[in-house]
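Note that the working numbering has the sequence shown beginning at 6, numbered continuously upward. Note that CB positions come from ideal geometry on N, CA and C, so glycine has one too.
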Amino acid sequence: MFGGRIGTQELILILGVALLVFGPQKLPEIGKAVGKGLREFKKATTEFQESITAEEPPAAAAKAEPVEPAAKDEVVENDEDVENDADNNKEE
Numbered sequence: 006m007f008g009g010r011i012g013t014q015e016l017i018l019i020l021g022v023a024l025l026v027f028g029p030q031k032l033p034e035i036g037k038a039v040g041k042g043l044r045e046f047k048k049a050t051t052e053f054q055e056s057i058t059a060e061e062p063p064a065a066a067a068k069a070e071p072v073e074p075a076a077k078d079e080v081v082e083n084d085e086d087v088e089n090d091a092d093n094n095k096e097e
């Protein structure tokens with residue numbers, strides 16, 4: 006309906022409906038409550054992000070231990086031995 010964005014006309018329509026529903030005396034109180042709620046939400050998300058970054062050590066600071074190369078596997082020169090072993094395992 007709004008295409009993902011609220012334009013000026015839509016905002017005026019929403020404010021007009023809110024004015025009719027809540028009246029001119031309640032509208033400022035509702036605006037303050039909504040603003041306070043948004044401020045608290047932003048503060049909580051900022052604190053949450055800061056707590057995550059404070060707990061996470063930087064990847065560059067962690068020292069990696071050198072890894073020894075893995076042992077090389079035996080090279081099978083003749084596939085017949087492998088096939089014979091597979092056939093023998095089936096018979097057992």
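Same chain, Cβ closer than 8 Å to residue i, neighbours up to 5 away in sequence not counted
| i | result |
| --- | --- |
| Ala23 | Leu32 and Ile35 |
Bounding residues of the alpha helix (DSSP H) (the contiguous stretch that carries residue i)
| i | result |
| --- | --- |
| Pro71 | Element bounds for Pro71: n/a, residue is neither H nor E. |
| Arg44 | Thr13 to Glu60 |
Cα-Cα separation between residue i and residue j, rounded to whole angstroms
| i | j | result |
| --- | --- | --- |
| Thr98 | Lys41 | Any answer about residue 98 is impossible in this case: the structure gives the chain only from 6 up to 97. |
| Ala38 | Val72 | 58 Å |
| Glu55 | Leu25 | 42 Å |
| Thr58 | Gln30 | 44 Å |
| Lys47 | Glu60 | 20 Å |
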